[in-house]
Amino acid sequence: MAPKPSKASKAQPKAPEPIKEYPNIAAFHQATYENSRPYHKPLASLSATEKTHYAYARLLETGIWKSWDEFQRKDFWKYIETNKIPVPLPEPKDLGRDRNGRDISKYSVKEYEEYQKRERGLEGLVRESTRFRDRQRRLRRSGRAGEDIEGEIEEERNRRKLIGVLRGKKMGRYEEDPEWDDVVPIAQDDGEGALAQIAYTEEYSEAMSYLRAVMSTQEKTPRVIALTSHIISLNPAHYTVWLYRASTLFAINFPIHAEIEWVNDIALDNQKNYQIWHHRQLLVDHLYQEIKDDEAKLKELEDSERAFMTEMFDADAKNYHVWSYRQYLVRKLNLWNQAEIESIEVLLKKDVRNNSAWSHRFFVVFNDPKHCTEGSPATAHDPKIPDNILDREIEFAKAATFEAPQNQSPWNYLRGVLCKGGRDLSSLELFAAEFVKEGKDGAEEDVRSSHALDSLADIWAKTDVEKAKWALELLGNKYDRIRKGYWDWKIGQLMDQPVNTLEGNLEALKV
Amino acid sequence: MSSNNTSDASSATASSTSSRLNNSSYGTQPRQTGFIIEELSSESESYPIAGYSNNMTTTTQTAKIPDIFTTLPPVRDLLNTQTSLLQDQTVQECLPFHLNNLGLPINPHGLPHLDRKRHIAFLHKNLRRLPAAFTAADASRPWMFYWALAGLATMGESLEDYTERLLSTVKPIQHPDGGFGGGNGQMSHLAPTYAVLLSLVMVAGGDVSEDERREVLELVNRRAMWKWLGRLKQRDGGFQMSVGGEEDVRGAYCAMVIITLLDLPLDLPVDSPARSDECTTFLSGLPEWVARCQTFEGGISGRPDAEAHGAYAFCALACLCIIDDPHIVIPKYLDVPRLISWLSARQYAPEGGFAGRTNKLVDGCYSHWVGGCWPLLEACLEGPTTASTTKASSTDSLYSREGLIRYILSCCQDQGKRGGLRDKPSHNSDSYHTCYVLAGLSSAQHKWRFNAPARSSTERPETLSSAYQWTSEFLFDEEQIFDEEDRVLTLHPVFVIPEGIAEQTRAYFASKIGF
Ligand SMILES: [Zn+2]
């Protein structure tokens, strides 16, 4: 505690009345003001000398002496100095509030002094910064933009940081960066009283203002990549940013592998995002043009893409966007191969109910140009498909069905395969009957799969209408009651007499 | 910068809306420990319901809740995988809501009422200033107001007070080159363009003056829109969502909605990159492209080669139903029996609602995406209603309307202070689910008819008139399980806006000459 008073007295030599302690700067100003007007008392109470001094003080205050000639002025000031007549100060003004909203008049004298020093420093920095901007603007105009004279850009960057510190409010990332000085940000026009307006953070709002600006001039430069990375980190679900980034990447020949690496991290952190996958597709389209004749590089891409998707599927094995991308990739890189099928089998081994994996398998098997007719619809018979492939797929689905008979995926798959192969559903009768035991002699039936019963109903519809009806009623009344409307509709189709007006139309549909 | 200041009057909203974004702040309906699923052992097939059996009998005796909604499915596999565990967990999550052990007032069918007041307040709140946490929705703000406005309209709320604000919201997001983006300065994109257009026509179709209606509808730059759509059209028949963006079934649907409602010329602009000798109109190759999205399962995928998905099924069917009459166009391009089989299999018991894909979980929004397919398919099967068709001869429903209504009223409503509708009980409500759950409810509560066109059956429409022949009616042949007070308004089965507005909009633009 001891050194404090000495420090305080050191800081106060400039003060006219250093002896007294003031509670705050306002009190100090008030006292200084009053001290500069010692004659503010009833005129009658002043002595003759004091009255003369008072008159001089008034002359000082009005400034009338400025209109006098030099001789008179000299005389005037001589009197004032010899008699130590104080210059009357104007009434103290309200000091307002500082950037933190604190009332400045409540500052201590010392605090106020530091405050002023800071403000003066700030003004100097701002002046210097303005000069820098003007200089840069001139350089740009004379076509010498980007010239960095003796590291002054770095110096300016630090200056702006300091300005931010002194203002107690950091400048925006782009406002602070001299490299962005040539861009005039475009603020968002939301319209008055806009619906569902979002209260963006200042960071996001500033970055978007710069994006609008670069888009308006169609700037495609490396700093746009940095800007879009920044925005994507704040809002990955922004198609405009992704699309503009992609067109910039291609315009500046940005290395695609680096971009894919970067996108991987974003994708893992944003499982639900779908812009990423379209972006990736654009990247691969582009990359493919470069490497299409290089088998080793294609293989490398295939492996790394598959590895990355495996990582994505660890978090969500049914992610629709990842699967859609994968279908794209198979076509693009001709992945009609064993590795592709095996990697699906790994997923099905983990969860035999993963319908996305089943769908993908169907796609890979039944679109392979080696044994499929190009453009054959998924629901149509393709005579080109060899029997051994059909048999293999049927066996694969059957095996999966035994694992979990009520799993609909392999049942749908089986039907799809039969349809592709132009085989009759009745070839499935014995297999389906494994899961549906008709009760003999009044005993209750035993149904382990409603999908098997559904298949049998369709099979029997052509051979034994009564049995088909029995199966459909069983479905509607016992095993799949929520779909009773549908099962009843199917019963209606079985009957010769139309049960409702659907019949005529169904005939037309060739069910 | 001041527009980013959160310390204004909206900060009260901000705190409650940000809590909405936080999944843990689940409020009055916590995930009770009683229905967290445990690892299933092989012999525990009947385990989960045990804890509820007492409750169930008393409730079901007083209220008529069919046991299909209170018991486990009759066929269950022993093998557990991630899929089956999540499925079991979801069933356990829904059962208590069906049994109504939450002590809510219920009707004689054991259903809680539609809590309109809270849902309306919830949607109004979603139209106010949103906190920074909504930044993720920055590119889909038009959805935010379409969902809220459509949801409000479905519950019979007037949108009149939003007219001015909608206009000033939409003006800065229209792109000079045609279409609308997600926000000011963003590229045009079909999804926000669809959402903006439907919002505008909903407001214009409400109780507004002729001048106001004109002002709202004339806001859209139709010529620029037509040009922009020309850039989205692809050689293979489909549409990209934005220039250089992805091509999917949403694009096909959104583009057709825009083209028909605004009565744009069907001819492709001469500078359209897709234009060729074979491809001359917006319709060229489009239904064929949609047909390529039907999968081996019978459902529809987002683009050729992908997995069948409920949301895309609706987009595909609605797109086709704009191109031509449902009974003509659907069977022409899709395998209808397989589509119906797949669609029907999306409904589960005991949950009652729809899932979007095979072996995925029930979710409230599919009440519309899957539920909304049924009126289109029923019209496809029934054919057009003519003067000679007696109205009583309609088909029985192909899906369980009761199941869907039960899932919606019992499981999808946030019955707490928050309001709004949701995916499933463990999820928080949002405006997206509120909109589409209500749309599904509306569809389940009404029967739609496709009326025979005035033209003869051999003459084909020159302009797209098929989507303007739908009328709704009440269902008479099924027992009504909801009270009349819980009936919501009808939404057009193709455009998903209140009935009557699409026709009015189309008539407005059709009466104009040129752009
Ligand atoms: Zn949902």
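These protein sequence lines are chains A and B, in that order.
The first sequence begins at 1 in the UniProt record's numbering and counts up one residue at a time.
The second sequence begins at 1 in the UniProt record's numbering and counts up one residue at a time.
Every residue, glycine too, gets a C-beta built ideally from N, C-alpha and C.
Nearest-angstrom Cα distance between residue i and residue j?
| i | j | result |
| --- | --- | --- |
| Lys84/A | Glu34/A | 16 Å |
| Asp189/A | Lys484/A | 54 Å |
| Thr358/B | Ala349/B | 14 Å |
| Ala467/B | Trp336/A | 42 Å |
| Ala31/A | Arg160/A | 38 Å |
| Gln504/B | Ala306/B | 37 Å |
| Pro375/B | Lys424/B | 24 Å |
| Phe515/B | Leu198/B | 19 Å |
| Glu393/A | Leu456/A | 20 Å |
| Lys512/B | Gly245/B | 32 Å |
| Trp65/A | Phe76/A | 8 Å |
| Asp368/A | Gly375/A | 11 Å |
| Ser341/B | Glu202/A | 52 Å |
| Val330/A | Ala307/A | 14 Å |
| Val310/A | Gly238/B | Here residue 310/A is Thr; the residue named in the question, Val, does not match the sequence. If I take the Cα positions, the gap works out to 30 Å. |
| Pro337/B | Ser431/B | 34 Å |
| Glu499/B | Leu339/B | 26 Å |
| Ala452/A | Gln408/A | 9 Å |
| Leu268/B | Lys227/B | 8 Å |
| Asp161/B | Glu210/B | 16 Å |
| Asn273/A | Glu429/A | 44 Å |
| Arg403/B | Lys64/B | Checking the displayed sequence, the identity of residue 403/B turns out to be Gly instead of Arg. Their backbone Cα atoms lie some 13 Å apart in a straight line. |
| Tyr328/A | Glu302/A | 12 Å |
| Val370/B | Pro410/A | 22 Å |
| Gly364/B | Ser400/B | 15 Å |
| His29/A | Asp94/A | 10 Å |
| Asp464/A | Pro386/A | 31 Å |
| Thr193/B | Leu195/A | 16 Å |
| Leu418/A | Val75/B | 25 Å |
| Ile501/B | Gly205/B | 5 Å |
So residue i contacts chain A; which residues on that side make the cut at Cβ distance below 7 Å?
| i | result |
| --- | --- |
| Asp363/B | Simply none; closest approach about 13 Å. |
| Phe495/B | Ordered by position in chain A, no residue passes the 7 Å Cβ test against Phe495/B, which lies about 20 Å from the chain. |
| Met225/B | Within chain A, no residue comes near Met225/B; the closest Cβ sits about 18 Å away, beyond 7 Å. |
| Leu166/B | Leu195 |
With respect to 8 Å, is the separation between the Cβ of residue i and the closest non-hydrogen atom of ligand 1 below this value?
| i | result |
| --- | --- |
| Gly364/B | yes |
| Asp77/B | no |
| Tyr407/B | no |
| Asp316/A | no |
| His433/B | yes |
| Asp414/B | no |
| Asp271/B | no |
| Asp303/A | no |
| Asp423/B | yes |
Whose Cβ in chain B lies nearer than 8 Å to the Cβ of residue i?
| i | result |
| --- | --- |
| Ile186/A | Gly185 |
| Arg419/A | Checking the displayed sequence, the identity of residue 419/A turns out to be Cys instead of Arg. Phe296, listed in chain order. |
Check the Cβ of residue i against every Cβ in chain A and list those closer than 9 Å, keeping chain order.
| i | result |
| --- | --- |
| Tyr399/B | Ile482, Arg483, Gly485 and Tyr486 |
| Tyr407/B | Near Tyr407/B there are no residues of chain A at all, since even the closest Cβ is about 10 Å away, more than 9 Å. |
Below 8 Å on the Cβ atoms is my contact criterion, and I expect residue i with residue j to pass it. Report the Cβ-Cβ distance as a whole number of Å.
| i | j | result |
| --- | --- | --- |
| residue 520/B | Ala139/B | Beyond the ends of chain B as shown, which are 1 and 515, falls residue 520/B; an answer cannot be given. |
| Thr83/B | Arg353/A | 4 Å |
| Gly302/B | His309/B | 6 Å |
| Lys98/B | Gly419/B | Checking the sequence, you will find His at residue 98/B rather than Lys. The Cβ separation is near 21 Å, so there is no contact. |
| Leu494/A | Ala461/A | 6 Å |
Report the neighbours of residue i on chain A: residues whose CB is nearer than 8 Å to its CB, in chain order.
| i | result |
| --- | --- |
| Tyr162/B | Leu195 |
Output, in chain order, the set of chain B residues within a Cβ distance shorter than 7 Å of residue i.
| i | result |
| --- | --- |
| Asn235/A | Thr135, Ala136 and Asp138 |
Cβ contact (3+ pairs, closer than 8 Å) linking the stretch 180-193 of chain A and the stretch 207-219 of chain A: With a cut-off of 8 Å, the stretch 207-219 of chain A and the stretch 180-193 of chain A count as touching, because enough Cβ pairs lie within range.
Cβ pair count under 8 Å reaching 3, the stretch 51-64 of chain A against the stretch 80-97 of chain A: With the cut-off at 8 Å, the stretch 51-64 of chain A and the stretch 80-97 of chain A touch.
Inter-stretch contact at 8 Å, needing at least 3 Cβ pairs: the stretch 222-241 of chain A / the stretch 148-162 of chain B: Below 8 Å, too few C-beta pairs join the stretch 222-241 of chain A and the stretch 148-162 of chain B to call them touching: fewer than three.
Contact the stretch 480-500 of chain B vs the stretch 434-448 of chain B: 3+ CB pairs below 8 Å: Touching, per the Cβ criterion.
contact_flag[the stretch 317-327 of chain B, the stretch 254-270 of chain B] where n(CB pairs < 8 Å) is 3 or more: Three or more beta-carbon pairs drawn from the stretch 317-327 of chain B and the stretch 254-270 of chain B are found closer than 8 Å, and the two stretches are therefore classed as touching.
At least three beta-carbon pairs within less than 8 Å, the stretch 93-112 of chain B to the stretch 167-174 of chain A: Judged by Cβ distances under 8 Å, the stretch 93-112 of chain B makes no contact with the stretch 167-174 of chain A, as fewer than three pairs qualify.
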